[in-house]
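Q: First the structure, which I've put down as structure tokens, then a few questions once you've had a look.
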Amino acid sequence: MTKNPVIRTFSIVACDLEEKSWGVAVASKFLAVGAVVPYAKAGVGAVATQSEANTSYGEHGLSLMAQGLSASEALNTLISEDGGRDHRQVGIVDRQGGAATYTGKKCYDWAGGIAGKNFAAQGNILTGENTITAMVETFEKSPGELADRLCAALAAGDRVGGDSRGKQAAALLVVKPNGSYGGYTDKYIDLRVDDHPDPVTELANLLKMHHVFFGSSRAAQKVKIEGELAREFLAALKRLGYYAGEAETHVDSDAKIALIKFIGVENLEERFDADRLLIDEPALDYLRQRRLLSV
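Every number in our numbering is 371 more than the matching position in the sequence shown, counting from 1.
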């Protein structure tokens, strides 16, 4: 059998039972690490398989937990069936927040992991144990939804050392029931930075953009496009070629058609109420940061 390349990496698997979400965040000096390490299924659990990764651990681990096994029981089954267990590293969290981590005795130093309530963090060929402890401490104290906490934990590990060889790729996978665009599947977030000089920072940027495009705002964060804001939008629409009229403080029927087209091109439909001419503040901030408004 051909020996697998070693996926020297650090990862965290976790869940938020109130949010009903499960996920994995991972970083490594390994091309497209998100295509190999993370697995998750809503209502079942999450798995990170790494080192000389046995990728069957992902689907098989989820299948075992779907049958009712705990994270620890599923982990024991996986490694007991694997003759290459000494080279493997894996973290698992189950549907109830039980977690387990395993590091084979032949994984390259520094290698190890920590499991706690609702999470397991692990890594191999790291600069030191502080990568894992920083991830755990940050995950436990960070606010926000699971995706934000996972990303913050990964960034904390990256800051204190991370992969001793350097940086290349990072990924974030989060699932929850009907969590996808349109609610058809459980894949809420699946973001990957496959080859980048600062992949963890870029992953955080992608997560911010995901929240802009697919998030939702409270009523207090919805802004009426009228008055000076209407003038700002219409001036931008005219400059960008969507609208031929004047930049007034009122959105007439022609301006509304142009505005809807512009919002569609920018993929911000989830943040815009065409009937009431309301836009969410995060979307408005995004358009200004991109200099699509107020140049």
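All residues carry an ideal CB built from backbone N, CA and C; glycine is no exception.
Predicted model only: the values in this text are computed from it and were never measured.
Can you find the residues in the same chain that come closer than 8 Å, C-beta to C-beta, to Ser588, ignoring five residues on each side of it along the sequence?
A: Translated into the one-based positions of the sequence shown, residue 588 becomes position 217. The answer, listed in chain order, is Arg642, Asp651, Glu652, Pro653.
Q: Roughly how far, in whole angstroms, is the beta-carbon of Asp465 from the beta-carbon of Ala442, given that I think they are within contact range, below 8 Å?
A: Within the sequence shown, residue 465 is the residue found at index 94, counting from 1. Within the sequence shown, residue 442 is the residue found at index 71, counting from 1. Sure, about 4 Å apart at Cβ, within 8 Å.
Q: Distance check for Ala601 and Glu617, CA to CA, integer angstroms please.
A: Translated into the one-based positions of the sequence shown, residue 617 becomes position 246. Translated into the one-based positions of the sequence shown, residue 601 becomes position 230. If you take the alpha carbons of Glu617 and Ala601, they lie about 11 Å apart.
Q: Based on Cα-Cα distance, which residue from Val564, Lys595, Leu611, Thr448 lies nearest to Arg662?
A: Residue 662 sits at position 291 when you count from the first residue of the sequence shown. Cα-wise, what sits closest to Arg662 is Leu611.
Q: Got a sec? Which residues, its chain only, sit under 7 Å from Met372 by beta carbon, not counting five neighbours each side?
A: On the sequence shown, position 1 is the one that residue 372 refers to. Confidence is the limiting factor: at Met372 the pLDDT is only 42, short of 50, which leaves the residue's position unreliable, though a coordinate-based value still follows. Excluding sequence neighbours, Met372 sits near nothing in its chain.
Q: Where do the ends of the alpha helix (DSSP H) carrying Asp656 lie?
A: For this step, residue 656 is matched to residue 285 along the sequence shown. Start and end: 652-660.
Q: What are the residues that DSSP puts in a beta bridge with Lys558?
A: Residue numbering aside, residue 558 sits at position 187 when the sequence shown is read from its first letter. DSSP output for Lys558 lists Val546 as bridge partner(s).
Q: What does Thr474 pair with, by DSSP beta-bridge criteria?
A: Stepping through the sequence shown from its first residue, residue 474 is reached at position 103. DSSP, once it has assigned bridges, lists Gln460 as partnering Thr474.
Q: Between Ile463 and Ala482, how many whole angstroms is the CB-CB distance? I'm expecting something under 8 Å.
A: As a first step, residue 463 is located in the sequence shown; it is residue number 92 there, counting from the start. As a first step, residue 482 is located in the sequence shown; it is residue number 111 there, counting from the start. Incorrect: roughly 17 Å between the Cβ atoms, too far for contact.
Q: Enumerate in chain order the residues of its own chain whose CB-to-CB distance from His581 is below 7 Å, with the five nearest sequence positions on each side excluded.
A: Looking up residue 581 in the sequence shown gives position 210. Excluding residues within five positions, the ones whose Cβ falls inside 7 Å are Ile560, Leu562.
Q: Cutting at 7 Å between CB atoms, please list the residues of its own chain near Val546, excluding the five before and the five after it.
A: Position 175 of the sequence shown, counting from 1, holds the residue named residue 546. For Val546, where only same-chain residues beyond five positions count, the Cβ hits under 7 Å are Ser392, Trp393, Gly394, Ala411, Lys412, Ala413, Asp557, Lys558, Tyr559.
Q: Put Val636 into one of helix, strand or coil per three-state DSSP.
A: By one-based count along the sequence shown, residue 636 stands at place 265. Residue state, collapsed to three classes: helix.
Q: Would you check if the distance between the CB atom of Leu435 and the CB atom of Thr426 is smaller than 7 Å?
A: Here residue 435 is taken as the residue at index 64 of the sequence shown, counted from 1. Here residue 426 is taken as the residue at index 55 of the sequence shown, counted from 1. Cβ distance not < 7 Å, so Leu435 and Thr426 don't count as in contact.
Q: DSSP state of Tyr410, grouped into three classes?
A: On the sequence shown, residue 410 is found 39 positions in, with the first residue counted as 1. DSSP places Tyr410 in strand when its eight states are reduced to three.
Q: Would you give the residue range spanned by the beta strand (DSSP E) that Gly429 belongs to?
A: Residue mapping note: residue 429 aligns to position 58 of the sequence shown, counting from 1. Careful: Gly429 lies outside any beta strand (DSSP E), inside the alpha helix (DSSP H) at 427-437.
Q: Going by Cα to Cα distance, which pick from Phe604, Glu516, Lys400, Lys632 is closest to Leu497?
A: Sequence index remark: in the sequence shown, residue 497 carries index 126 (1-based). Comparing Cα-Cα distances from Leu497 to each of Phe604, Glu516, Lys400, Lys632, the minimum goes to Lys400.
Q: Got a sec, what are the start and stop residues for the beta strand (DSSP E) Ala417 sits in?
A: Taking the first residue of the sequence shown as position 1, residue 417 is located at position 46. Here the beta strand (DSSP E) through Ala417 covers 416-422.
Q: Cutting at 7 Å between CB atoms, please list the residues of its own chain near Tyr657, excluding the five before and the five after it.
A: Looking up residue 657 in the sequence shown gives position 286. Closer than 7 Å at Cβ, skipping near neighbours: Val583.
Q: Express the C-alpha separation of Leu578 and Gly475 in angstroms, rounding to a whole number.
A: Numbered from its first residue, the sequence shown carries residue 475 at position 104. Numbered from its first residue, the sequence shown carries residue 578 at position 207. Answer to the nearest angstrom: the Cα atoms are 32 Å apart.
Q: When burial is assigned at 16 or more other CB atoms within 10 Å of the CB, is Ser422 buried or exposed?
A: Mapped onto the sequence shown, residue 422 falls at position 51. Ser422 should be labelled buried.
Q: Given that a residue counts as buried once 16 or more other Cβ atoms are within 10 Å of its Cβ, and exposed if not, what is Val407?
A: Locating residue 407 in the sequence shown gives position 36, counting from the first residue. When all chains shown are included, Val407 counts as buried.
Q: Can you list, in chain order, the residues of its chain with a C-beta nearer than 7 Å to that of Asp529? Leave out the 5 residues immediately preceding and following it.
A: Position 158 of the sequence shown holds residue 529. Ala398, Val571, listed in sequence order.
Q: Give the straight-line distance between the Cα atoms of Gly469 and Arg659, rounded to the nearest whole angstrom.
A: Here residue 469 refers to the residue found at position 98 of the sequence shown. Here residue 659 refers to the residue found at position 288 of the sequence shown. Cα to Cα, the separation comes out at about 43 Å.
Q: Val338 lies in the alpha helix (DSSP H); which residues open and close that run?
A: No answer is possible for residue 338: it lies beyond the span of the chain, which begins at 372 and ends at 666.
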